[in-house]
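Below you'll find the structure, written out as structure tokens, and then a few comments.
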Amino acid sequence: MERTVPTTASEAIDLYLRTFYSLLRTTAEVQIRTMEESHSAMNSLLHPDARKRAPDMSAFIYCLLRLPDCIFEVDMVVMGQGEEDFSQAGYGQVETWQRVNAPARRRRCFFNGQDTLACYIASRTDIDDLIPLLTAFQIEWNKMNLLLALAPVDTAPLLDNPDGRLAALLEMELEDLDRLKSVWGKDFAARMAAIGSRNTRIRVQLLSGSLNAYRRATLHWMENIERKHGELFSSPVYFVSSNTHSLANMVSGFTRRHRDGLFSFLEEKAGQALKQEWEQIRSGQLPSSEENFLYYALRKYQELDDCRLTLEMQYAHESQAGIARIPSLHSFDVEAQVIHLSQIQPDLLDPRIRPGEAVESALPSSNAIILNIDYPLGLAAYNILAKVAEHAGVILGAYVLGKAATLNGVIGDVMIPNVVHDEHSRNTYLFTNCFRAQDVTPDLIYGSALDHQKAVTVLGTFLQNHEFMDVFYSEGYTDIEMEAGPYLSAIYEIARPKRHPVYEIVNLTDLPFDLGFIHYASDTPLSKGKNLGAGSLSYFGLDSTYAASAAILRRIFTLEHHRLQSAN
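In our numbering, the protein residues as written are 12 to 579.
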């Protein structure tokens, strides 16, 4: 079929990708500094001021929130696909090292306590994500190091009480300095002193990166689930890619059962801002969902050392409600949840998803399960869904809930696409999305629901520039994300007798199972807003997340009721 989608190739982005993949083919270590020129030349939307002397604080904070805190001590980053890769390369048992995490990126990483960070990669997308993060981090670190070295005064006293003078020395706005202070908190002085004390020269090494190894890692992930839940072989499955909290919270009723404990937390230990928001909700001054706020409060409460509603208590309660959690082991970091529809207790359900007496009375006879996974990054989505389809029983539905950037909306909006252009396969997928705006709108308070959207699946968050985005915007693509294309490639192979094509317009409107994609806006990249450095969407993100999760669960309950009726 003749192509009518925009040609998206950007020479600068392609050059950057060719540069670091050719370098990573070596068996030796590679200096990040060798990638700085092609990174800067790309003129990324997330790092537009890479060439300027003044720090690009939005880019730096974006990196900080997606790299582990130990990055300040790291000189060497090693990437591998399995524990044996690190062992064979002489790094020993990396999983005995300190497990480290980033606030806004899930990646299984381990730190040796000195200078080396070991990162598991689930697909090529992890490389496309990690290399630009490290490169941007190093560029901005070394800018600030230079400015502190050139300062005409001793900067040490300013680090303990940062103000406009320090901002001026660092050639940044005071607002940007305040944002950095809020990210680092009490560690601000120590970390700024570390930046001022030395240039950083990070090295990287890719131990393995073969397609076969990615498949093997995904097989290990799947086998870990099957060992604990062999019923996947024969059970009808509703596949959901979302997160580890929203479906479990709405189904288990844990927060509703422990409302009194959460109210005590809000009164006794919550911060002033959280207390004030709760009072505004209770008094009706702030339009909001009480359930959403309690889910948010539970997360905040469980961050405290003396929390009486522990994760262990929550997981035990979920188990009684038919929800089993399966953490990933020895591979990429994607938790799975198995929810048995027959074990759901209607009286525990979030009021927004109560399906009614007829459905509730039918569910105990269901043999179907929901397999919910913590949404993976990029191409890992293809590997996972393809493997699930190979090992599970019949697929009844596939539903994807994830973050996206928007070119025509605001943060908190919900976008429901029926066209996806995938930069991995260069396919444009046309499909019937089972969701409409009215499925989400009843539970959406802060944003708008936008259906009939066109989405583009990009290779990585840094791998976009204005030329790239302008082409898509002119063609009506306004929903930018990283997983829909790979999922649709896997869905093609589930429904068709051959491997997915490349560079075609692909019609998937006649699938033998239900399909739905819902994205919630977390960034507005064309505005170059300060939100690019935001680590989480906080309460506004919860509003759209739970509205979308409610729509997914209602859809599953309805379809399962119809299936059970047809069987009888």
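Every residue gets a Cβ at the ideal spot worked out from N, C-alpha and C, and that includes glycine.
**Report entry** Where Ile213 falls: helix, strand or coil (DSSP)
**Finding:** coil
Requested in this report: Have a look at Ile24 and His328 and give me their C-alpha separation to the nearest angstrom.
Outcome: 48 Å
Requested in this report: Flag this pair as yes or no: are the beta carbons of Ile384 and Ser252 separated by less than 8 Å?
Outcome: yes
Query raised in the report: Taking the C-alpha atoms as reference points, what is the distance between Tyr27 and Met46?
Result: 8 Å
Requested in this report: Give, in chain order, every unbroken run of the alpha helix (DSSP H) that is at least 4 residues long and sits entirely within the segment 252-295.
Outcome: Counting whole runs of 4 or more residues, the segment 252-295 contains the alpha helix (DSSP H) stretches 257-263, 265-268, 270-279 and 283-293.
Query raised in the report: Roughly how many angstroms separate the alpha carbons of Met4 and Leu474, rounded to a whole number?
Result: Any question about residue 4 goes unanswered here, given that the chain covers just 12 to 579.
Query raised in the report: Using DSSP with H/G/I as helix, E/B as strand and the rest coil, what is His351?
Result: Three-state result, His351: strand.
Query raised in the report: Hey, is the segment 226-242 in contact with the segment 311-327, meaning 3+ C-beta pairs nearer than 8 Å?
Result: They do not touch, by the three-pair rule.
Query - Cβ neighbours of Gly527 in the same chain (closer than 6 Å, five flanking residues each side left out) - result: The beta carbon of Gly527 is closer than 6 Å to those of Tyr410, Asn444, Cys445 and Phe446 in its chain, skipping five residues each way along the sequence.
Report task. Using the Cα positions of Ile505 and Gly496, report the straight-line distance between them to the nearest angstrom. Result -> 14 Å
Query raised in the report: By how many angstroms is the C-alpha of Asp534 removed from the C-alpha of Ala61?
Result: 20 Å
Query raised in the report: Going straight from the alpha carbon of His247 to that of Ala100, what length do you get?
Result: Here residue 247 is Pro; the residue named in the question, His, does not match the sequence. Cα to Cα, Pro247 sits roughly 42 Å from Ala100.
Query - CB of Ile206 within 8 Å of CB of Val85, strictly - result: no
**Report entry** Between the CA atoms of Met90 and Ile529 - distance to the nearest angstrom
**Finding:** 31 Å
Requested in this report: Please determine, among Leu570, Ala228, Leu553 and Ala578, the residue with the shortest C-alpha to C-alpha distance to Met261.
Outcome: Leu553
Query raised in the report: Which residue from Phe31, Ser69, Ser257 and Leu382 puts its Cα closest to that of Gly241?
Result: Leu382
Requested in this report: Run through the segment 442-475 for me and flag every whole beta strand (DSSP E) of 3 or more residues, listed as ranges in chain order.
Outcome: Fully contained in the segment 442-475 are the following beta strand (DSSP E) runs of length 3 or more, in chain order: 460-468.
Query raised in the report: Between Glu478 and the rest of its own chain, which residues show a CB-CB distance below 6 Å, the 5 nearest in sequence each way excluded?
Result: Ser21
Report task. Would you decide whether Arg118 is buried or exposed? Buried here means 16 or more other CB atoms lie within 10 Å of its CB. Result -> buried
Query raised in the report: In or out: Lys414 buried (at least 16 other Cβ within 10 Å) or exposed?
Result: The residue in question, Lys414, is buried, as its Cβ has 16 or more Cβ neighbours within 10 Å.
**Report entry** Local conformation of Gln104 per DSSP, three classes
**Finding:** coil
Query raised in the report: Relative to the C-alpha of Tyr440, which residue among Gln449, Pro428, Ala448 and Asp450 is closest?
Result: Pro428
Query raised in the report: By Cβ distance below 8 Å, which residues in the same chain neighbour Ser339 in space, the five residues on each side in sequence not counted?
Result: Result list for Ser339: Arg119, Trp232, Asn235, Val345, Glu346 and Ala347, in chain order.
Query raised in the report: From the DSSP output, which residues share a beta bridge with Ala409?
Result: Phe250 and Leu526
Report task. Grab me the residues of Val41's own chain with a C-beta within less than 6 Å of its C-beta, minus the 5 sequence neighbours each way, in chain order. Result -> Leu34 and Val215
Query - Under 8 Å between C-beta atoms of Ala133 and Arg77 - result: no
Requested in this report: Return the chain-ordered list of same chain residues with a C-beta closer than 8 Å to the C-beta of Gly420, the five sequence neighbours on each side being excluded.
Outcome: Closer than 8 Å at the Cβ level, and outside the excluded window around Gly420, lie Met426, Gly458, Ser459, Leu461, Thr489, Ala532 and Thr535.
Requested in this report: Please report the Cβ distance between Asp361 and Glu302, rounded to the nearest whole angstrom; I am assuming they are in contact, meaning their Cβ atoms lie under 8 Å.
Outcome: 6 Å
Requested in this report: Since I believe Gly264 is in contact with Ala373 (beta carbons under 8 Å), could you give me their beta-carbon distance rounded to a whole number of angstroms?
Outcome: The Cβ separation is near 20 Å, so there is no contact.
Query raised in the report: When the Cα atoms are used, what is the spatial distance from Arg209 to Ser560?
Result: 47 Å
**Report entry** Option in Ile334, Lys286, Thr146 and Met68 with minimal Cα separation from Lys239
**Finding:** Ile334
Report task. Would you mind giving the Cβ-Cβ distance between Leu396 and Phe524, rounded to the nearest angstrom? I have them listed as a contact below 8 Å. Result -> Actually they are not in contact, since the Cβ atoms of Leu396 and Phe524 sit about 12 Å apart, beyond 8 Å.
Query raised in the report: Mind checking Gln92: buried by the 16 CB within 10 Å criterion, or exposed?
Result: It counts as buried.
Query raised in the report: On the premise that Ala466 lies in contact with Val431, defined as a C-beta separation below 8 Å, what is that separation, rounded to the nearest angstrom?
Result: 5 Å
Requested in this report: Check the DSSP bridge columns for Ser219 and list the partner residues they point to.
Outcome: According to DSSP, which records beta bridges pairwise, Ser219 is partnered with nothing at all.
Query raised in the report: From Leu575 to Leu418, what does the alpha carbon distance come to, in whole angstroms?
Result: 42 Å
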